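Since the structure comes first, as structure tokens, the remarks are kept for the end.
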């Protein structure tokens, strides 16, 4: 795929890095030639120095042949205008803009094709990471919670703890031990390495990082099977009242007690006007142990370090954990740091640019891909795609799962049947939808077993332990020429 | 040693690929059923066997290439491939020494065109095809071929590409992916070469001659299957075709690629380097032709122009064809032509030497320094085609010139030390380092490098390698910093 990226900042760089490794033609535009030179040395891509809203620069970067335009320059206005220019002057089929301001996101007409800025998809790393954290507040025992099929199915990563009913039992025993909870374990990472073959005799050991697919309404039960359930999060301390901190506080207001540490006095004043009065705004450094002690960090269910400084976040988390916070989460941009703190006293390390990559990958993957989530900092991937064709033309349709030749380690985790595809949703007249009060067929979540039969139109959720298997998995969903 | 091992599987792959290149002379030998037919089976088996074995036994060490690996690997490739390329020569010509065979193979791959063989007309056809074919492959670069076709290179490919491609500015990629860039350049190269072959055929050559001359013209090498070189044909048409395609091959191939992409000739016409290249060649031709007429070498200006144009283009583009013995001309003419060979070719072409763009930058720099004497506070950026040239590029050009000068002087002294007379020593070194081919004196166009001692031949071989990889790629391996952990 021919991809043009505007802006070689944190987001642009990590997007380029994750896309360059899979045989895409990538061109990056940035105003700083030194940044581009460094990026070109490291990755197989082309850099063009200049202002990306100028048609001449876009043309130099080969915008005429681009399939996908991703604008992630620092300023919203640059990104909006660049998308408009790319779409209207050069007919780029898909445009994606990184928009920081929530006001542009909420105002859909601004992004429409004709009158607006012709943005097909708005991405916002702050928003994505806020939603991710929101999920983790809801399921505090999980390391990661990712939604598929409009939220019907979730993939959850959780560390197994001795005492959970399933821990130290084999996979074959799951149905007997938790009969009411249908789930599928798609991967187990032990000491940061994946177990290559999951069979009925594989045992779950304490400390394993387990990836489970289950219907979203069964998540609590799944968590309960792998570790004892903590009490729900009631008290949160947030270090850093920046964009993510503010968004999160808005999202969680009324649900939990929050304290926000912010070092900048003016920002504190602003936060105080933006948030309801039960959110306590504290003016102080995020690594100020006295302030943290005074504000009872030891009673916190969750401590979130959300400043823009990786080092501060790591130190604040280490400090909070030492002082008794139950769980700590750090926002970490640099990949090397994220790898470093993995599995230490810091429970969860999140990268904002990484959180957003899944949303982009859905556009890059071939076939009817509805959602992609990048896992384990880009090493693994989970993908939701719609099965097309029939038994003659597609390798999946009409077959039992045990009959499908899956690449090594790849798992079909769940199937959602009866969910209308986006195209059908548009085509259905609203009246018909309302005829019997609700959708004609209730969508059905089927957790995959060896004898489950895949049907045309199903949404299949596939887990792959290595990104290198993407091409093979795409082929499974491809419809061969005999179709139609 | 640990820094060596990861490179070996790639080296093995390149060697195995190189074995395929021997199929070309093999097929000529097979069709013509010539005396060298038996030589290729062994050569192909040994080359393919060594390559595959090297790849097989070292493939578990493979890792992502680091920037410094590029230099080591490219130099390794360029020293190892001639050792395999000389196998058919050794097998087919029993009297040939390893020194001469390696020299001949290096001269082929670096598109130099200096030969240690005499009696070329009597050689089996396929051996001549092999010599010329080497120049075709080496002209644009064997690593560029490898980057284009070998998938095992991964991200490190751009490091290799940079280490092999001539010219001061190597960051400008033509396409986002380096393999695409390499492929594009090869398509342009092969396309122009086909035109060249058809033109030679139309000018009266047989198909085999047309193919061989196409190879050595487009690679700017200068091997010919005849001792008399192009002079064998005594044909204005052949010389005309040779002039046109030598000129074509002396231009940066990236320009042709852009012309092809944009379907417009403007990128070529606007290119400052190309314009200077053509201007310098035209002016020199005129000057030498008038000089020769003044010295009564030729009766009319027309005849003088025919011979000067051919030899100026041939030497300035570092090809090294000859149609007459220009060494008999008054010394000014051949000296000027060899001097042109040091710098006239464009970066990114198949020519050797300093390259025109570096020369342009240096001239501009010198002019600026003069202006600065008059206006000490003037802000004077160096520009090339409207874009400012960054400081580090200028510094690297100046460093390159320094190393280039030191190399020429050093190697010439070594040759003098070994007992050569001055003109032969100096021109043999210049002709080797700039990949021109024939020099003057004992290595002039009418004779060849056979008269040199083994030691002197090895010096020339090293000079050709240095020149083809633009000195720094090889010399960086000699610095202690490179090997320090």
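Protein chains in written order, with my numbering: chain F, 1 to 484; chain D, 1 to 485. Using N, Cα and C, we set each Cβ at its ideal position, and we do this for glycine too. Quick caveat, the model's predicted, so the values are computed rather than measured.
Relative to the alpha-carbon of residue 371 of chain F, which residue among F:340, F:362, F:163, F:301 has its alpha-carbon at the smallest distance?
-> The shortest Cα separation from residue 371 of chain F among F:340, F:362, F:163, F:301 belongs to F:362.
Straight-line gap, residue 238 of chain D to residue 40 of chain D (C-alpha atoms, nearest Å) = Residue 238 of chain D and residue 40 of chain D have their C-alpha atoms spaced approximately 31 Å apart.
How many angstroms separate the CA atom of residue 96 of chain F from the CA atom of residue 416 of chain F?
-> Rounded to whole angstroms, residue 96 of chain F to residue 416 of chain F spans 28 Å at the Cα level.
Run down chain F in chain order and give the residues with a C-beta less than 8 Å from the C-beta of residue 180 of chain D.
-> What residue 180 of chain D touches in chain F: 25.
Answer with buried or exposed for residue 256 of chain D, where buried requires no fewer than 16 other C-beta atoms within 10 angstroms of its C-beta.
-> With at least 16 other beta carbons inside 10 angstroms of its own, residue 256 of chain D counts as buried.
Please list, in chain order, all residues of the same chain as residue 141 of chain F whose beta carbon is under 7 Å from its beta carbon, the five residues on each side excluded.
-> Non-local beta-carbon contacts of residue 141 of chain F in its own chain, meaning distances under 7 Å to residues more than five positions away in sequence, involve 158, 223, 227, 229, 230 in chain order.
Spatial neighbours of residue 222 of chain D in its chain, beta-carbon cut-off 6 Å, leaving aside the 5 residues before and after | If you ignore the 5 residues before and after residue 222 of chain D, its C-beta comes within less than 6 Å of the C-beta of 113, 216, 319, 320, 321, 437, all in its own chain and listed in chain order.
Note the first and the last residue of the continuous beta strand (DSSP E) segment covering residue 283 of chain F.
-> Note, residue 283 of chain F: beta strand (DSSP E), 280 to 283.
Going by beta carbon distance, what residues of the same chain come within less than 8 Å of residue 177 of chain F, once the five residues before and after it are set aside?
-> Taken in chain order, the residues that qualify are 165, 166, 169, 225.
Residue closest to residue 336 of chain D, alpha-carbon to alpha-carbon, out of D:83, D:203, D:289 = Here the closest residue by C-alpha is D:289.
What is the C-beta distance between residue 453 of chain D and residue 442 of chain D, in whole angstroms, given that I count them as a contact (C-beta under 8 Å)?
-> Their Cβ separation, rounded to whole angstroms, is 11 Å, which puts residue 453 of chain D and residue 442 of chain D out of contact at 8 Å.
Span of the alpha helix (DSSP H) holding residue 451 of chain F?
-> Going by DSSP, residue 451 of chain F is part of no alpha helix (DSSP H) at all; its letter is neither H nor E.
Give the residues from the stretch 34 to 47 of chain F that approach chain B closer than 9 Å (Cβ to any Cβ), ordered along the chain.
-> Absent from the structure is chain B; the protein chains it does hold are F and D.
Find out if the Cβ-Cβ distance for the pair residue 47 of chain D, residue 91 of chain D is shorter than 8 Å.
-> No, Cβ-Cβ distance for residue 47 of chain D and residue 91 of chain D is not below 8 Å.
In chain order, what residues of the same chain lie with their CB nearer than 6 Å to the CB of residue 487 of chain F, ignoring the 5 residues before and after it?
-> A question about residue 487 of chain F goes unanswered here, because the residues of chain F that appear run from 1 up to 484.
Identify, in the order they occur along the chain, each residue of the same chain with its Cβ nearer than 6 Å to the Cβ of residue 240 of chain F, setting aside the five sequence neighbours on each side.
-> Contacts found: 286, 306, 307.
Taking only beta carbons into account, state which residues of the stretch 347 to 370 of chain D come closer than 8 Å to chain F, listed in chain order.
-> Cβ contacts with chain F come from no residue of the stretch 347 to 370 of chain D.
Compare the C-beta of residue 176 of chain D against all C-beta atoms of chain F and say whether one is closer than 8 Å.
-> At least one CB of chain F lies nearer than 8 Å to the CB of residue 176 of chain D.
Which whole-angstrom value describes the C-beta separation of residue 382 of chain D and residue 368 of chain D, a residue pair presumed to lie in contact below a C-beta threshold of 8 Å?
-> Going by Cβ atoms, the distance from residue 382 of chain D to residue 368 of chain D rounds to 7 Å, so yes, they are a contact pair.
Would you be able to state if there are at least three C-beta pairs under 8 Å between the stretch 319 to 326 of chain F and the stretch 334 to 341 of chain F?
-> Contact check between the stretch 334 to 341 of chain F and the stretch 319 to 326 of chain F: fewer than three CB pairs, one atom from each, fall below 8 Å, which does not count as touching.
Anything in chain F within Cβ reach of residue 67 of chain D, meaning under 9 Å, just list it in chain order.
-> Correct list: 41.
Completely contained beta strand (DSSP E) runs for the stretch 219 to 261 of chain F, where each covers 3 or more residues | If we require 3 residues or more, the beta strand (DSSP E) runs fully inside the stretch 219 to 261 of chain F come out as 235 to 239.
Look at residue 35 of chain F and residue 8 of chain F and say whether their C-beta atoms are less than 8 Å apart.
-> The criterion of a C-beta distance shorter than 8 Å is satisfied by residue 35 of chain F and residue 8 of chain F.
Taking all protein chains shown into account, do 16 or more other C-beta atoms lie within 10 angstroms of the C-beta of residue 421 of chain D, making it buried, or fewer, making it exposed?
-> That one is exposed.
Nearest candidate by alpha-carbon position, reference residue 357 of chain F, set F:101, F:128, F:469 = Ranked by Cα distance from residue 357 of chain F, the first of F:101, F:128, F:469 is F:128.
Cα-Cα separation between residue 130 of chain F and residue 30 of chain F, rounded to whole angstroms | Their Cα atoms are separated by approximately 27 Å.
Proximal residues of chain F, C-beta to C-beta of residue 158 of chain D below 7 Å = Under the 7 Å cutoff, chain F gives 44.
Secondary structure of residue 86 of chain D, DSSP reduced to three states = Coil, per DSSP.
Return the first residue and the last residue of the beta strand (DSSP E) that residue 413 of chain F is part of.
-> Counting along the chain, the beta strand (DSSP E) containing residue 413 of chain F begins and ends at 411 to 417.
Alpha helix (DSSP H) containing residue 28 of chain F: first to last residue?
-> The continuous stretches of alpha helix (DSSP H) do not include residue 28 of chain F, which lies in the beta strand (DSSP E) extending over residues 25 to 30.
Residue-level contact to chain D via CB, residue 472 of chain F, 8 Å cutoff | No Cβ of chain D is located within less than 8 Å of the beta carbon of residue 472 of chain F.
Cβ of residue 198 of chain F within 8 Å of Cβ of residue 155 of chain F?
-> Inclusion of residue 198 of chain F and residue 155 of chain F in the CB contact set at 8 Å is not warranted, their separation being larger than that value.
Secondary structure of residue 346 of chain F, DSSP reduced to three states = Coil at residue 346 of chain F, not helix or strand.
Apart from the five residues on each side of it in sequence, which residues of its chain come closer than 8 Å, Cβ to Cβ, to residue 231 of chain D?
-> Counting only Cβ-Cβ distances below 8 Å, and skipping sequence neighbours, we find 322, 323, 324.
Within 8 Å (strictly less), CB to CB, does residue 62 of chain D reach chain F?
-> Chain F contact via Cβ: absent.
From the DSSP output, which residues share a beta bridge with residue 194 of chain F?
-> F:189.
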